[in-house]
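*Asks:* Residue numbers (the numbering used here), protein chains in the order written: chain A, 1 to 234; chain B, 1001 to 1234.
Beta carbons are placed, not taken as given, at the ideal position from N, Cα and C, and that holds for glycine.
For clarity, every value in this text was computed on a predicted model and none was experimentally measured.
Mind looking over this structure? Questions follow.
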């Protein structure tokens, strides 16, 4: 079996968490390096990688881009479905969940990642309105429709938990942290019951209990998902 | 051999073009459906797909998300490199090129996709400053570094053209259209010679000549890449 090392920022779940959940759920051993100096030689503009997370395999070859890491790992960790079509669809839905994750980030950084939130707060307030009223419902309706199409299994694709389910779970975790009032309204509406049920299912997976309750799991703070009360509303 | 049908908006290259180039370069037969009514049942919030492009295979199964479509097609069209590591790295770099494509779009739509450009022009002017001064150089330096690491081959990964090269080519085409003055400065600097050379290489690929010169190739207009002179500068 390969040895895996995840290179990621310290102290935030961020995009590293999507990879961690795949390892944790499948009881796959991995190490982490959270010391930026240790992975900065790999990073842009110098390195072959544009951003973390970076996965290092067997102390040699490295791979970046969250979706590429998950697509690479999924068949090895048996998180890729039962056949080629399921595998591609799991990749598709993982990418869609990651798009939602990126859009959630861009709400608090609509102008430039290089600027502070405080320097783009007016723009963020406008972006939040659109995100809450149009984008969250559009994405959740999409996932709800996918789940309804596979109602006998209560997972997004096929009959087993995949990277798509784990990724969507973490995005929902992030949205519940960042937009608790808006997500409360979404939940109460009853229109997204299967989506919120999937969130509960993953949260209660036996294999994840130890990790989710450990202090190895970083809490949300100033990363991808941020709670600015002024951006949230019912 | 499978039969492929690409479902995409009419009249713009958009994200459909990344898939078209893979088909065209490999002389793979495909059909297109560009009538929104024909693919709207598949689309969010109703359908199993969040957005076009959607690939329909053998008149049955469908797949969406540009990167998922390309990752699915790449090994079938021999655009996935020579082994598993090259395949994963090609997926990684394709995703990074697509991120640049999305960032280029978000420059003219920083607040909300649902709003007109004219309603977010002030924010777009601010976003363009960051995109031109930081993001374009950061991405191009990244791709330049990758190309330098594979200097004997003049492609991003391995020794043959892959989806990563075709995708980066199209993103560069889009940037040259949207930000001609800024890209002119980038080219003149001499710091990105391998990246611009790759653009030329793909542009001159024998297999692509017929398509690139045909009227089937949509010109850039009001899609992902837009030329607003006020957003461009040297």
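(1) Roughly how many angstroms separate the alpha carbons of residue 212 of chain A and residue 180 of chain A, rounded to a whole number?
(2) Going along chain A, which residues have a C-beta under 9 Å from residue 1130 of chain B?
(3) What do you get for residue 116 of chain A, buried or exposed, if any count of 16 or more other CB atoms within 10 angstroms of its CB means buried?
(4) At the level of alpha carbons, what is the spacing between residue 30 of chain A and residue 1083 of chain B?
(5) In chain order, what residues of the segment 1153-1176 of chain B put their CB closer than 9 Å to some CB of chain A?
(6) Mark residue 1002 of chain B as exposed unless 16 or more other C-beta atoms lie within 10 angstroms of its C-beta, in which case mark it buried.
(7) Which same chain residues, not among the five before or five after residue 114 of chain A, have their C-beta less than 8 Å away from its C-beta?
(8) Quick one: what's residue 1236 of chain B bridged to in DSSP?
(9) Should residue 1049 of chain B be labelled buried (16 or more other beta-carbon atoms within 10 Å of its own) or exposed?
(10) Where does residue 1005 of chain B sit, in a helix, a strand or coil, going by DSSP?
(11) Among B:1025, B:1006, B:1024, which one has its Cα closest to the Cα of residue 1038 of chain B?
(12) Residues of chain B with a CB under 7 Å from the CB of residue 48 of chain A: which are they?
(13) Kindly list the residues whose CB is nearer than 7 Å to the CB of residue 214 of chain A, restricted to its own chain and excluding five residues on each side of it in sequence; keep chain order.
(14) If distances are taken between C-alpha atoms only, which option among B:1112, B:1132, B:1053 comes closest to residue 1008 of chain B?
(15) Check the C-beta distance from residue 1125 of chain B over to residue 1192 of chain B and give it rounded, since I have them as a contact under 8 Å.
(16) Whose C-beta lies closer than 6 Å to the C-beta of residue 1058 of chain B among residues of the same chain, with five residues either side of it excluded?
(17) Quick one: residues in its chain with C-beta nearer than 6 Å to the C-beta of residue 97 of chain A, no 5 flanking neighbours on either side, listed in chain order?
(18) CA-CA distance, residue 1022 of chain B and residue 127 of chain A?
(19) Is the shortest distance between the beta-carbon of residue 235 of chain A and the beta-carbons of chain B less than 7 Å?
(20) In the segment 1082-1136 of chain B, which residue ranges form an unbroken alpha helix (DSSP H) of at least 4 residues, counting only runs that do not cross its ends?
(21) Got a sec? Which residues, its chain only, sit under 7 Å from residue 1027 of chain B by beta carbon, not counting five neighbours each side?
(22) Extract the residue ranges of the beta strand (DSSP E) inside the segment 5-44 of chain A, only unbroken runs of 3 or more that lie entirely within it.
(23) With 16 as the cutoff for other CB atoms within 10 Å, does residue 68 of chain A come out buried or exposed?
(24) Comparing alpha-carbon positions, which option in B:1019, B:1076, B:1130 lies nearest residue 1231 of chain B?
(25) Which two residues bound the contiguous alpha helix (DSSP H) that contains residue 211 of chain A?
(26) Output yes if chain A places a C-beta closer than 7 Å to the C-beta of residue 1121 of chain B; else output no.
(27) Can you pull the chain B neighbours of residue 89 of chain A, defined as C-beta to C-beta under 7 Å?
(28) Strictly below 7 Å CB to CB, what residues from chain B border residue 85 of chain A?
(29) Tell me the rounded alpha-carbon separation between residue 1195 of chain B and residue 1221 of chain B.
(30) Output yes if chain A places a C-beta closer than 7 Å to the C-beta of residue 1028 of chain B; else output no.
(31) So, does the CB of residue 197 of chain A fall closer than 7 Å to a CB anywhere in chain B?
(32) Examine chain B for any beta-carbon lying closer than 7 Å to the beta-carbon of residue 92 of chain A, and answer yes or no.
(33) How long is the line joining the alpha carbons of residue 1112 of chain B and residue 1066 of chain B, rounded to whole angstroms?
(34) For residue 1227 of chain B, which of helix, strand or coil comes out of DSSP?
(35) In terms of residues, what are the limits of the alpha helix (DSSP H) holding residue 198 of chain A?
(36) Exposed or buried, residue 1184 of chain B, counting other C-beta atoms within 10 Å across all chains shown (16 or more means buried)?
*Replies:* If we stick to the structure as given:
(1) 20 Å
(2) 111, 112, 113, 114, 115
(3) exposed
(4) 24 Å
(5) none
(6) exposed
(7) none
(8) Chain B is shown from 1001 up to 1234; residue 1236 of chain B falls before or after that span and cannot be answered.
(9) buried
(10) strand
(11) B:1006
(12) 1145, 1146, 1149
(13) none
(14) B:1053
(15) 25 Å between Cβ atoms; not a contact.
(16) 1002, 1003
(17) 167, 168, 171
(18) 35 Å
(19) Residue 235 of chain A falls outside the range modelled here, since chain A spans only 1 to 234, and no answer is possible.
(20) 1084-1108, 1121-1130
(21) 1207
(22) 30-33
(23) buried
(24) B:1130
(25) 206-212
(26) no
(27) 1063
(28) 1061
(29) 24 Å
(30) no
(31) no
(32) yes
(33) 21 Å
(34) coil
(35) 193-203
(36) exposed
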